[in-house]
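Student: Under full-length UniProt numbering, think of the first position of the sequence shown as 1, with each following residue one higher.
Just so you know, even glycine gets a beta-carbon here, dropped at the ideal spot from N, CA and C.
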Amino acid sequence: MASLSSEFAMKDLGPLNHFLGIAVTRHKGGLFLSQRKYAEKIVERAGMASFSATSGTPVDDPAHYRRLAGALQYLTITRPDISYAVQQICLHMHDPRTDHMSALKRIIRYVQGTLDQGLHLYPSSVSSLVSYTDADWGGCPDTRRSTSGYCVFLGDNLLSWSSKRQPTLSLSSAEAEYRGMAKVVSESCWLRNLLLELHCPVQKATLVYCDNASAVYLSGNPVQHQRTKHIEMDIHFVRARCPSLVARGQVRVLHVPSRYQIADIFTKGLPRVLFEEFRNSLSVGKPPALTAGSVRYRIYFVND
């Protein structure tokens, strides 16, 4: 604080407890970030403070739909578990239909039932970045574009995540996964540089886990294959950067079984048990006072 004060005009307001609608609770294990009040306002705005599973009819006001979708987007700051669902409803903001409104209200029902949940942050080493990347090939029923998703952990903490439809069509699952890998490698490089500027350099290689063996092979093999010639030049960021990053010990692209691919939660709908398991792996849960005695776990893989 003294160093910052010497460079900038600032005031110390004490320990952080609230910022831009995000409540910050300190506890012995670290920090708990919650947007409960903001989530309650979304439920109230939707007119769903009390309802049954079949009550009411979808609202066909496009502006109302867009306001709710935009509000849910902001809620993903502490609720990465709804990122994929919110991304899907935001694809239709230009022309929302009754089915889209029904899906949006289903998300709000889930939010209403999990108001207490937020993002946990723990004291952790900053010596490693671990990323998971996945893509749902041709998942869009209208355009057959794929959805990319990734999450990046700094030590034990979820640092960055994304769920986004790819801008162009992929002709194979390997290409879709390869495009997604390009995004997470780019994000990882940016985070490493940011941490370096903050005088907290990451000493270990960034581990990038992908469940597509072909995409893993392409990331490290600079020889162009006949089946990959159609991939445009900007996607070859991975191929151009990965060999040099691997040589410097900064990035390792590894295969992970689909059963343990945490990034699946950002690319597709999942069975409840698997969804809840991956949600726990993202450190999304109830406040610490309500989780006494619970076991926190993270899935890691070591390449022999």
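#1: Anyone know if the C-beta pair for R179 and S170 falls short of 8 Å?
#2: Nearest CA to the CA of R259: which residue from L207, S173, D134?
#3: Is the beta carbon of E175 less than 8 Å from the beta carbon of C210?
#4: State the DSSP-derived secondary structure class of I22, mapped to helix, strand or coil.
#5: According to DSSP, is V152 helix, strand or coil?
#6: Which runs of the alpha helix (DSSP H), 4 residues or longer, sit entirely within the region 90 to 136?
#7: Does DSSP put G180 in a helix, a strand or coil?
#8: Kindly indicate the opening and closing residues of the beta strand (DSSP E) around Y74.
#9: Work out the CA separation of H92 and S6 for me, nearest whole Å.
#10: In terms of residue numbering, what span does the alpha helix (DSSP H) encompassing Y38 cover?
#11: Shortest alpha-carbon distance to P141 belongs to which of V251, H120, K268, V24?
#12: Hey, would you say S83 sits closer than 8 Å to S163, going by beta carbons?
#13: Taking the beta carbon of C151 as the centre, do at least 16 other beta carbons fall within 10 Å, making it buried, or is it exposed?
#14: May I have the straight-line CA-CA distance separating V251 from D99, to the nearest angstrom?
#15: V208 bridges to which residues according to DSSP?
#16: Report the option in C90, H199, V216 whose CA atom is closest to the CA atom of G70.
#17: Let me confirm a value: L198 is counted as buried when at least 16 other C-beta atoms fall within 10 Å, else exposed. Which label applies?
#18: Helix, strand or coil: which one does DSSP assign to S186?
#19: L119 and L158 look like a contact to me (Cβ under 8 Å); what is the Cβ gap, rounded to whole Å?
#20: I believe E40 touches L104 by the beta-carbon criterion, under 8 Å. Please report the beta-carbon distance rounded to the nearest angstrom.
#21: Who are the Cβ neighbours of F32 in its own chain at under 7 Å, not counting the five residues just before and after it?
#22: For the beta strand (DSSP E) holding N157, just list the boundary residues, first then last.
#23: Could you tell me the alpha carbon to alpha carbon distance between R67 and L154, rounded to whole angstroms?
#24: Just verifying my parser: in three-state terms, what is the DSSP assignment at residue 323?
#25: Count the other CB atoms within 10 Å of the CB of G14; is the residue buried (16 or more) or exposed (fewer)?
#26: Given V130, which residues of its chain have a CB within under 8 Å of its CB, disregarding the five upstream and five downstream residues?
#27: Which same chain residues end up closer than 6 Å to F278 when comparing Cβ atoms and leaving out the 5 residues on each side of it in sequence?
#28: Mind checking who G285 pairs with in its DSSP beta bridge?
#29: Compute the Euclidean distance between the alpha carbons of L196 and V202, then round it to the nearest angstrom.
#30: Per DSSP, T147 is paired with what?
#31: When DSSP labels each residue in this structure, what does L16 get in the three-state scheme?
Tutor: With the structure as the only source:
#1: yes
#2: D134
#3: In this structure, E175 sits away from C210, with a CB-CB distance that is not shorter than 8 Å.
#4: I22: strand per DSSP, three-state reduction.
#5: strand
#6: If we require 4 residues or more, the alpha helix (DSSP H) runs fully inside the region 90 to 136 come out as 98 to 113.
#7: helix
#8: First-last for Y74: 62 to 75, but that is the alpha helix (DSSP H), not the beta strand (DSSP E).
#9: 49 Å
#10: 36 to 45
#11: Of the candidates V251, H120, K268, V24, the one whose C-alpha sits nearest the C-alpha of P141 is K268.
#12: The answer is yes: Cβ separation under 8 Å.
#13: buried
#14: 43 Å
#15: S131, V253
#16: C90
#17: Under a 10 Å Cβ-count criterion, L198 is classified as exposed, with fewer than 16 other Cβ atoms of the shown protein chains found around its own Cβ.
#18: DSSP, read as helix, strand or coil, puts S186 in helix.
#19: About 7 Å; that satisfies the 8 Å criterion.
#20: Contact flag wrong, Cβ pair sits at about 17 Å.
#21: T25, G118, H120, P287, P288
#22: 157 to 165
#23: 33 Å
#24: With the chain represented from 1 up to 304, any question about residue 323 goes unanswered, as that position is not in the structure.
#25: exposed
#26: V152, F153, T206, L207, Y209, Y300
#27: Within the same chain, F278 has close Cβ partners I262, I265.
#28: G118
#29: 7 Å
#30: Residue pairing by DSSP puts T147 in a beta bridge opposite D136, R165.
#31: coil
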